[in-house]
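Enquirer:
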Amino acid sequence: MNPVKLRNVNVGSGLPKIAVPITAKTVPSILEQAEVIRGYLPDIVEWRLDLFNDVDDFSLVSDVSAQLRQILDEIPILATFRTAAEGGNQPFNEDKYFELGNVMVTDRYVDAIDVELLRDSKRVDKLVEDAHQNGIVVVMSNHEFQRTPDKQKLMRRFSQMSDKHADILKIAVMPQSVEDVLTLLDVTNQADKRFDEPIVTMSMGNLGKITRVSGELFGSAITFATVGQESAPGQFSIGVLRRMMKRLKI
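Numbered by the numbering used here, the letters in the sequence shown go through residues 557 to 806 in order.
(1) Expressed to the nearest angstrom, what Euclidean distance is found between the alpha-carbon atoms of Val560 and Pro647?
(2) Helix, strand or coil, according to DSSP, for Thr782 in the structure here?
(3) By the three-class DSSP mapping on this structure, what secondary structure does Lys802 have?
(4) For the segment 560 to 573 and the segment 582 to 590, state whether three or more C-beta atom pairs, one from each stretch, are separated by less than 8 Å.
(5) Give every residue of the same chain whose Cβ lies closer than 8 Å to the Cβ of Pro584, excluding the five residues on either side of it in the sequence, and list them in chain order.
(6) Starting from the Cα of Lys652, find the closest Cα among Val693, Met696, Leu605 and Asp629 and give me that residue.
(7) Could you check how far apart the C-beta atoms of Ala722 and Met696 are, in whole angstroms? I think they sit under 8 Å.
(8) Quick check on the DSSP output: what are the complete alpha helix (DSSP H) runs of length 4 or more inside the segment 557 to 598, in order along the chain?
(9) When DSSP labels each residue in this structure, what does Met696 get in the three-state scheme?
(10) Buried or exposed: which applies to Leu597, given that a residue is buried once 16 or more other Cβ atoms fall within 10 Å of its Cβ?
(11) Excluding the 5 residues flanking Glu655 on each side, which residues of the same chain have their C-beta closer than 8 Å to its C-beta?
(12) Just to confirm before moving on: does the CB-CB distance between Leu634 and Glu672 stay below 8 Å?
(13) By the DSSP assignment, the alpha helix (DSSP H) with Ala687 in it spans what residues?
(14) Among all the DSSP beta bridges, which residues are the ones paired with Met758?
(15) Please confirm whether Ile578 and Leu797 have their CB atoms less than 8 Å apart.
(16) According to DSSP, Glu672 sits in a beta bridge with which residue or residues?
(17) With three or more C-beta pairs closer than 8 Å as the rule, is the segment 743 to 751 touching the segment 770 to 786?
(18) Could you check how far apart the C-beta atoms of Thr662 and Asn645 are, in whole angstroms? I think they sit under 8 Å.
(19) Using the DSSP secondary-structure output, state which residues sit across from Leu807 in a beta bridge.
(20) With DSSP as the reference, please indicate the residues paired to Thr636 in a beta bridge.
(21) By the three-class DSSP mapping on this structure, what secondary structure does Ser618 have?
(22) So what's Phe774 in DSSP terms, helix, strand or just coil?
(23) With distances taken Cα to Cα, identify the nearest neighbour of Met801 among Gln791, Ala640 and Arg768.
(24) Can you have a look at Glu753 and say buried or exposed, based on whether 16 or more other CB atoms are within 10 angstroms of its CB?
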């Protein structure tokens, strides 16, 4: 695996990096939450743009991005708009999705952007190209909130992400059984050995909680924790997650 550098953080080197999401809906609460999160010193802060009430006001988004950059200083920022199709908070047509992505990569206040694999293929390619031209890392993602696909399908999706020149490859699934959790862990281990890019995986919900603390063993390079509201089912608080990862350290 080739680690990916986000400011002073090397994703894919050492222990899995802890990302904490900003989940607030209004500008004052977003900035307040960022201040609180900064005090916990996570490795990465994810701004969940789909939870922001005024996300379709791109000028305001740019302004808030600039303020977050000041508040978070050298903590890397990952910008994510999770579409409704993949478990996000609000619908956004393809035009708005890619326009927002373009705003984030050209403003360059953030360090990385989440790009969903299953959006329009040609426009995904263009957004990846634009991100790289602006020095922005691409986390390409796919989320299954109802099921866990089989191993072959999950590995194909990782291959597609790699072929599209993503820097970090991320898949999240919902388990319906213990076997689904084992499938995700096996795929993580295989993908970590096969691909040069850092792999990020999680099996969501209570059943999949073990996948959020076992990344060092199986090969998942980022895990998500909470300071306040969770952004996906099954997340631990950052304090609990740090203690468990420390005890499980290989």
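Backbone N, C-alpha and C define an ideal beta-carbon position, used for all residues, glycine too.
Expert: Let's see:
(1) Stepping through the sequence shown from its first residue, residue 560 is reached at position 4. Stepping through the sequence shown from its first residue, residue 647 is reached at position 91. If I take the Cα positions, the gap works out to 31 Å.
(2) The residue labelled residue 782 in the question sits at position 226 within the sequence shown. In the structure shown, Thr782 falls within a strand segment according to DSSP collapsed to helix, strand and coil.
(3) One-based indexing of the sequence shown puts residue 802 at position 246. Note: Lys802 maps to helix in three-state DSSP.
(4) no
(5) Walking along the sequence shown from the start, residue 584 turns up at place 28. Excluding positions up to five away in sequence, the list is empty.
(6) Working through the sequence shown from its first residue, we reach residue 652 at position 96. For Lys652, the nearest C-alpha among the options comes from Leu605.
(7) Translated into positions along the sequence shown, residue 722 becomes position 166. Translated into positions along the sequence shown, residue 696 becomes position 140. Right, their Cβ atoms sit about 3 Å apart.
(8) 583 to 594
(9) Along the sequence shown, read from residue 1 onward, the residue named residue 696 stands at position 140. Reduced to three states, the DSSP call for Met696 is strand.
(10) Your numbering for residue 597 matches position 41 in the sequence shown. Exposed.
(11) Numbered from its first residue, the sequence shown carries residue 655 at position 99. Contacts found: Phe614.
(12) What you label residue 634 is simply residue 78 of the sequence shown in a count that begins at 1. What you label residue 672 is simply residue 116 of the sequence shown in a count that begins at 1. The answer is no: Cβ separation not under 8 Å.
(13) Within the sequence shown, residue 687 is the residue found at index 131, counting from 1. Element bounds for Ala687: Ser677 to Gln689.
(14) The count along the sequence shown starts at 1 and reaches residue 758 at position 202. Looking at the DSSP assignment, Met758 forms a beta bridge with Ala728.
(15) By 1-based counting over the sequence shown, the position of residue 578 is 22. By 1-based counting over the sequence shown, the position of residue 797 is 241. Contact flag unset, no.
(16) The sequence position of residue 672 within the sequence shown is 116, counting from 1. Per DSSP, Ser697.
(17) With contact defined as three or more Cβ pairs closer than 8 Å, the segment 770 to 786 and the segment 743 to 751 are in contact.
(18) Position 106 of the sequence shown, counted from the first residue, corresponds to residue 662. Position 89 of the sequence shown, counted from the first residue, corresponds to residue 645. No, Thr662 and Asn645 are not in contact; Cβ-Cβ is about 24 Å, not under 8 Å.
(19) Outside the displayed span of the chain (557 to 806) sits residue 807, for which this structure offers no information.
(20) Indexing the sequence shown from 1 puts residue 636 at position 80. Under the DSSP definition of a beta bridge, Thr636 partners with Arg604.
(21) Translated into positions along the sequence shown, residue 618 becomes position 62. Three-state result, Ser618: helix.
(22) The sequence position of residue 774 within the sequence shown is 218, counting from 1. Helix, per DSSP.
(23) Position 245 of the sequence shown holds residue 801. Minimum Cα distance to Met801 is reached at Arg768.
(24) For this step, residue 753 is matched to residue 197 along the sequence shown. Buried, because 16 or more other Cβ atoms sit within 10 Å of the Cβ of Glu753.
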